[in-house]
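Report on the following structure.
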Amino acid sequence: MQFLIPALLLSRTMLAGAHPADTTNLGRSVPIGTLITTCTVPGTIALTFDDGPSIYTPQLLDLLARYGVKATFCIVGGADRGHIDDWSQPWPSILERMHSEGHQLASHTWTHADLSTLTWDGMRTEIIDNENAFLNVLGFAPTYLRPPYLSCNDGCMQILASLGYHVISIDIDTKDYENQQSLWVSRQNFENGLRAGGNLVLSHDIFEQSVVTLAPYMLETLLARGLRPVTVGQCLGDAEAAWYRGPR
């Protein structure tokens, strides 16, 4: 059920003072305000897709559904393709589908700004504006955030800790954003990362070839090796109820 109908959407400015409900009473073991670079549940691999949603995301969701796999989507709320809480666009429905199909939604900030370059107020705006867009669409906001460019200095970590975020990084970078003309390099990066024991994978759902070529390759490779692709929360042993804050 939608948290608000489009005609009554509260502005991000109005919502900024109403931080979502705390989740510290859930007895969680996943650290807050500490960089998470690897999974802790043996045999799991977390596939993560950054910077969406995009026009290619529904195709990726179809693929994941065929394989019965859940993934994590790190969402940029205010990208050039339009705001995720603009109901004249397809993005709110895509977010609803992600959630209804059991995928994890994480924050990737409002405009994909490098948080380490911003003032305290600038960082807070990037984080809270994205929260409020999630609230407008789903009625809750993520407790997991991946900093854009994987960049988060001490000040960034401090504000994320103060806002109760789990800060996720990676230990396998496919670098698909550099290799759309030939994903052979990205496949090799993925394979090399697996051989090195990595299990927290970065790719993107904003690139067509990442969706139609790289994602199926990763899924086939993982399943052939007997590994279990899961969400970041699952690979950390975190209950789904703890992935979000605010009214569900």
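Quick note on numbering: the sequence shown equals residues -18 to -1, 1 to 230 in mature numbering (1 follows the signal peptide of the UniProt record, and there is no 0). Glycine included, each C-beta is placed from N, C-alpha and C at the ideal position. If you're wondering where the values come from, they're calculated on a predicted model, not measured in any experiment.
- Residue pairing by DSSP places Ala28 opposite Leu182 and Val212 in a beta bridge.
- Look at Tyr226 here: in three-state DSSP terms it is strand.
- Under the 10 Å beta carbon count, Asp187 is surrounded by 16 or more other beta carbons and is classified as buried.
- Secondary structure of His65 (DSSP, three-state): coil.
- Our two residues, Thr107 and Leu218, have alpha carbons roughly 28 Å apart in a direct line.
- Taken atom to atom, the span from the alpha-carbon of Ala178 to that of Trp69 is near 43 Å.
- Between Ile57 and Ser98, the C-beta spacing is not below 8 Å.
- Rounded to the nearest whole angstrom, the C-alpha separation of Met80 and Arg207 is 26 Å.
- When DSSP states are grouped into helix, strand and coil, Ser89 belongs to the strand group.
- Taking Ile14 as the centre and dropping the five residues before and after it, the same chain places the C-beta of Ala143, Gly146, Tyr147 and His148 closer than 7 Å to its C-beta, in chain order.
- The continuous stretches of alpha helix (DSSP H) do not include Ile14, and DSSP gives it neither H nor E.
- Taking a C-beta distance under 8 Å as the contact criterion, Thr91 and Pro130 qualify as a contact pair.
- In the three-state scheme derived from DSSP, where H, G and I count as helix and E and B as strand, Ile76 is classed as helix.
- As DSSP reads the structure, Phe189 sits in no beta bridge.
- Val193 sits close to Leu42, with the two beta carbons spaced by under 8 Å.
- In the three-state reduction of the DSSP assignment, Ala115 falls in the helix class, which pools H, G and I.
- C-alpha of Thr125 to C-alpha of Tyr49: approximately 26 Å in a straight line.
- For Ala197, the three-state secondary structure derived from DSSP is helix.
- In the three-state reduction of the DSSP assignment, Ala221 falls in the coil class, being assigned neither a helical nor a strand state.
- No residue range can be given for Val51, since it is assigned to no beta strand (DSSP E) and is classified by DSSP as neither H nor E.
- Sequence-distant Cβ neighbours of Tyr159 in its own chain, meaning closer than 8 Å and more than five residues away, are His186 and Phe189.
- Scanning its chain for C-beta atoms nearer than 7 Å, with the 5 sequence neighbours on each side dropped, one finds around Gly64 the residues Gln71 and Trp73, in chain order.
- The three-state secondary structure of Pro40, taken from DSSP, is helix.
- Each of Gly104, Ser133 and Asp67 was checked against the Cα of Asn114, and the nearest Cα belongs to Asp67.
- Residue pairing by DSSP places Ile152 opposite no residue, since no beta bridge is assigned to it.
- DSSP, reduced to helix, strand and coil, places Ala206 within a helical segment of the structure shown.
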